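Residues 17 to 954 in my numbering are what the sequence shown lists, from first letter to last.
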Amino acid sequence: MFALFLLLSWMCMGANASQNQALYIDESFEHTLINEHASQIFANHSATYFDVIKGVRTSTQALLSDEARTWLFTPVIHDGYSTIGLVLNIDRLNIDDLQIYVLDSSDRIIKSYRYQAGKGDYSLDYLLPHIRLSFTLQPYQNARVLVGIKDTGVIPFPITLWERETLKQHDTQMLLLLGATFGIFFLLAAYFLLSYVHQRMPSRFWLTMSSCAAIAFLFATQGGLAFWPSLTNTAEITYSACICMLLLTITKVTHYIFSRIPLFWRITNYCIPVTAVVLAFTLDAHTSTLSTLVVFTLVGLYNVCLALVFHEKNNIVISRAYIVAWLTFFLFFAIITLNLFSGLAYTFDIALGMIMLITTGYLCLGYSSVTKDHSINQLALSKQAETINNLNHFYDLFRNSAEGHYTSTWDGELISVNPAMCKVFGYSNEQEMLADVSSTKQFYVSPEDRHVLLGELSQQGHVTGKEIRGKRKDGSEFWFSLSCQSRENNEGSFLYGSIIDITEKKQSDLSLQYLATHYSLTGVYNRRQFENQFKARVSAPAEPPVCLLFLDLDRFKVVNDTCGHKAGDVMIKDIARLIDNAINNNALLARLGGDEFGIIYTEATEDEVYANAEKILNAVQAYRFMWDNRIFNLGVSIGMVVCNDLAFSAGEYLSMADAACYFAKEQGRNQIHRYNKDDESMQRYQRELDWVSSINQALEEGRFELFYQSLRPLSKANDGHYYEVLLRLRERDGVLVEPANFLPTAERFEMNVNIDKWVITNTFKWLSEHPEHLAELQRCSINLNCHSLADRDFTSFILNAFEAYRIPYSKICFEVIESVAIIKMEDTLAFMQTFNQLGCSFSLDDFGSGFSSYRYLKDLPVSQVKIDGLFIKDMLKDGVDSAMVASINDVAKAMGMQTVGEFVENEATMAQLGKMGIDFAQGYGVAKPRPLHDFTPL
């Protein structure tokens, strides 16, 4: 490729040779560029200057080889009147082989010179080393200058011809300019280095290195290698190395100025200059020079792009100055490129312009760096100011903190305290405390506490919230919470701690611990502590076995209802003290509820426990409570259980004791009943307790199911759906339980309210989800319990259900058992009146079972009477039952009420009821109960 370039250059120079004119000089001549007047000839390396003059033809193969030599042939014509001294000047020293001949008009050699780089030519001037040949022309003397060049670098290069005195002036100017340039860069390097030593800014160091690299580059380009003539042939490598170092140092400055540049782009920025050095060692001089210039351009453009992308928006002047610096660098190297490839000679003006460009570039680069440093310093100063403000803030917090703060040595010498610390330990001010306290050991009631604290600090480095008993100045003891940490510095180890007086909190904690296990009113254990203690004692076998008494006061509710809860609290307190005085020493007494107590015996036999129970019974019987001139006597029912079987849990034993207490009440109150698992009444009560648990679980798990039983009209055609909603309970094993098995237990333990709410909610929900069924519905009957009628919130609950599910009031009939309605007459009447006004109907269920049914029938706003099934099922055989049915029907008709016959099991009974004028029939003879979700019309 290089040979092709030479061939093309030879052809171009050959074309220009015919156009070149001879160089004319006279007394006004100062200097000129030989290249502009020379003819360029390519010849074999072995060809002499004589062969070139005579035009010896050279083969094409020789021209294309590396052995070709370039000759510049220039005629010089002196047409002046005086002798002129001339000097042929070549600035470049790295030339492989250079031959210069000055010939007269007869082609005789006037003067000649040969130069080979690296051959140790010590004749070069050290201040401004150049290749020069001096000769003189007489008036009208003509000469020919022949320059032969063999080099692998860039050729041809500028060759100038100077008038001798003019050249001396030029050298003087160049020396002054060169000295000034080196002086400027040495000053810059010294400034950056000293500022780096003073401020330790990394950019200053790299600017120093960059200045040194620039000095080295200027030294090499201005012939500095002439000091070591044997190194002049390494100029291209030296130039590349200097430029690489220059680019790398500028890259470091760039990364400092634009700190947001990502790591990948930084690495790329380093790789490009290193590539130039590698190429300089592996390629020939010409290609190496080209690659260095290309790499410089790429790095410059790359850094300019980085500056544009990652500049600081709040400080745009930095990026602008940086870009200006690179623009001056580009112009500087553009002039170098013109010198290498266009024959531009370095005159004083050009050199001055180049020095101004490079100096301006470095000043702009330095300005960018200094501005960045200033920005960083401002940020650091602002952070420092913020830190000082924070320190002042923390000092104010230290002084005004409600917590006591102190600093001490590891040995206990007190260094500093705040006012709160003085207040905690009873000192009036910091000076007094620091003077009086010789060691922090004085703070501790027990010296061991400080040793333990130091041990924890040695292991963990800090302690948080450690509660310690302390001692004040006056010797009084108190509790404080200590948080402390250990830190080390050049002066040793120090402890930094904060102290809070927690005496009141400690006392409060003790009170809370007491209240967590005791009733504040009675002073005895509460149920939770009782159950914990009981569980711990029955979990292991004991001899004698643990015994448990369950006490329930009789007639306590009378005192509460008559005299109020304040009187009840006073009486409970007296009873608790009375029982506590009556029990054995090792027994544990607890209040389990409002009027319930429990006692645990662990060191008494069964007979001793029974005897102690009788003692308690007699003591309570003998007690008289007086309040507002009233005297009340009490009793107590006691259930006793011996816990001698590990197969039972503590909870099961409590249930047994509760059951025994219940039967003590059932047997007439004020008695003691021992639990016996073989007792049939006990087993029945236990089954009821099991049903209580099953009902609660069924409510929580949604295992109740709705059934219905249809009613058949007897006095008219069937005009819609008439049915009663029934309830079933689905066991976990899938067995369906009839209501007769669980509803009595629910009523006894007052659980019916929740069951009635469940039935109403789910019935209304099903009806709202089946609007077609609701449209054909004439009457849906729902049973209500007495506890529901007496519940204050139940009425509001039903009203909300009607509104929520949008069920017409007229389609709902509430059934109330006759006996319940009579017992809860006032509540029943209020409930009926409320929903009668809204359009609901009411049915009196099981009518005839009460002893005074007719008396109350006219007082209740019912629209339907359901005759008790006991009269219906045998009415065909028993005339009395038939008469009772007819009587109830007549009375109901007289009062404008409809009648329903229950337990209708066959067609004959249904026909007889129709003849009597009964309005509806219900029973297995009409339809059996079915799930509501599978509703089938009659």
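Note that CB positions come from ideal geometry on N, CA and C, so glycine has one too. Just so we're clear, the structure is a prediction, and the values are computed from it rather than from any experiment.
Open item on the list: My output table needs one value for residue 429: the three-state DSSP class, helix, strand or coil.
Closed with: coil
Open item on the list: In whole angstroms, give me the CA-to-CA distance for residue 476 and residue 502.
Closed with: 9 Å
Task: Distance, residue 70 Cα to residue 63 Cα - done: 11 Å
Open item on the list: For the ligand ATP, I want to know if residue 306 counts as a neighbour, meaning its beta carbon is within less than 7 Å of at least one of the ligand's heavy atoms.
Closed with: Looking at this structure, you won't find the ligand ATP or any other ligand, since it has none at all.
Open item on the list: Taking the beta carbon of residue 915 as the centre, do at least 16 other beta carbons fall within 10 Å, making it buried, or is it exposed?
Closed with: buried
Open item on the list: Just to confirm my understanding: we take residue 744, look at its own chain, exclude 5 residues before and 5 after, and list those with CB closer than 6 Å. What are they?
Closed with: 721, 723 and 752
Open item on the list: What ranges does the beta strand (DSSP E) occupy inside the stretch 152-209, keeping only unbroken runs of at least 3 residues that lie completely in it?
Closed with: 158-166 and 175-179
- [ ] Give the secondary structure of residue 867 by DSSP, where H, G and I count as helix, E and B as strand, and everything else as coil.
- [x] Low confidence applies here, because residue 867 scores a pLDDT of 41, under 50, leaving its location unreliable; read the following figure in that light. In the structure shown, residue 867 sits in coil (DSSP, three-state: anything other than H, G, I, E or B).
- [ ] Note down the Cα distance separating residue 10 from residue 508, rounded to an integer number of angstroms.
- [x] A question about residue 10 goes unanswered here, because the residues of the chain that appear run from 17 up to 954.
TODO: Could you say if the stretch 608-618 and the stretch 554-564 meet the contact criterion of at least three C-beta pairs nearer than 8 Å?
DONE: yes
Task: Distance CB(residue 677)-CB(residue 566) smaller than 8 Å - done: yes
TODO: Would you kindly work out how many angstroms separate the C-alpha atoms of residue 467 and residue 221, rounded to a whole number?
DONE: 53 Å
TODO: Could you tell me if residue 826 is buried or exposed, where buried requires 16 or more neighbouring beta carbons within 10 angstroms of its beta carbon?
DONE: exposed
- [ ] Go through its chain and collect everything with a Cβ distance to residue 20's Cβ below 6 Å, but skip five positions before and after it.
- [x] Here the model assigns residue 20 a pLDDT of 34, short of 50, so the residue's position is not dependable, and the following value carries that caveat. Contacts found: none.
Task: Close Cβ partners of residue 792 (< 7 Å) along its chain, the five nearest in sequence each way excluded - done: 736 and 737
TODO: Grab the span of the beta strand (DSSP E) containing residue 455 for me, first residue to last.
DONE: Per DSSP, residue 455 belongs to no beta strand (DSSP E) and is neither H nor E.
Task: C-beta atoms of residue 89 and residue 162 nearer than 8 Å - done: yes
Task: CB-CB length for residue 177 against residue 102, believed under 8 Å - done: 6 Å
Task: Residues that DSSP places opposite residue 409 in a beta bridge - done: In the DSSP output, where bridge partners are listed per residue, residue 409 has none listed.
TODO: Say whether the stretch 584-597 touches the stretch 657-673, bearing in mind that this needs 3 or more beta-carbon pairs closer than 8 Å, one atom from each stretch.
DONE: no
Open item on the list: Tell me which residues share the same chain as residue 484 and place their Cβ nearer than 7 Å to its Cβ, disregarding the 5 neighbours each side in the sequence.
Closed with: 460, 465, 496 and 498
- [ ] Mind checking which residues open and close the alpha helix (DSSP H) that includes residue 218?
- [x] 218-237
TODO: Answer yes or no: do residue 995 and residue 821 have a C-beta to C-beta separation smaller than 8 Å?
DONE: An answer regarding residue 995 cannot be provided, because it is not within the stretch 17 to 954 covered by the chain.
Open item on the list: For residue 582, list the residues DSSP reports as bridge partners.
Closed with: According to DSSP, which records beta bridges pairwise, residue 582 is partnered with nothing at all.
Task: Counted within 10 angstroms of its Cβ, other Cβ atoms place residue 447 as buried (16 or more) or exposed - done: exposed
Task: residue 882: first and last residue of the uninterrupted beta strand (DSSP E) it sits in - done: 880-883
Task: Own chain, CB closer than 7 Å to residue 229, minus 5 neighbours either side, in chain order - done: 258, 261, 262 and 265
Task: Separation of residue 429 from residue 492, as counted between CA atoms - done: 22 Å
TODO: Please name the residue, chosen from 92, 55, 84 and 57, that lies closest to residue 42 on a Cα-to-Cα basis.
DONE: 92
Task: Spatially closest choice to residue 207 from 225, 193 and 192, by CA coordinates - done: 225
- [ ] With a floor of 4 residues, list each alpha helix (DSSP H) that falls wholly inside the stretch 626-690, ordered by position along the chain.
- [x] 666-682
Task: In chain order, each beta strand (DSSP E) run of at least 3 residues that lies wholly inside the stretch 102-136 - done: 113-120 and 125-131
TODO: Evaluate residue 289 with the Cβ neighbour count: other Cβ atoms within 10 Å of its Cβ, from every protein chain shown; 16 or more gives buried, anything less gives exposed.
DONE: buried
TODO: Would you give the residue range spanned by the alpha helix (DSSP H) that residue 789 belongs to?
DONE: 787-792
Open item on the list: Whole angstroms are fine: how far does the CA of residue 436 sit from the CA of residue 214?
Closed with: 45 Å
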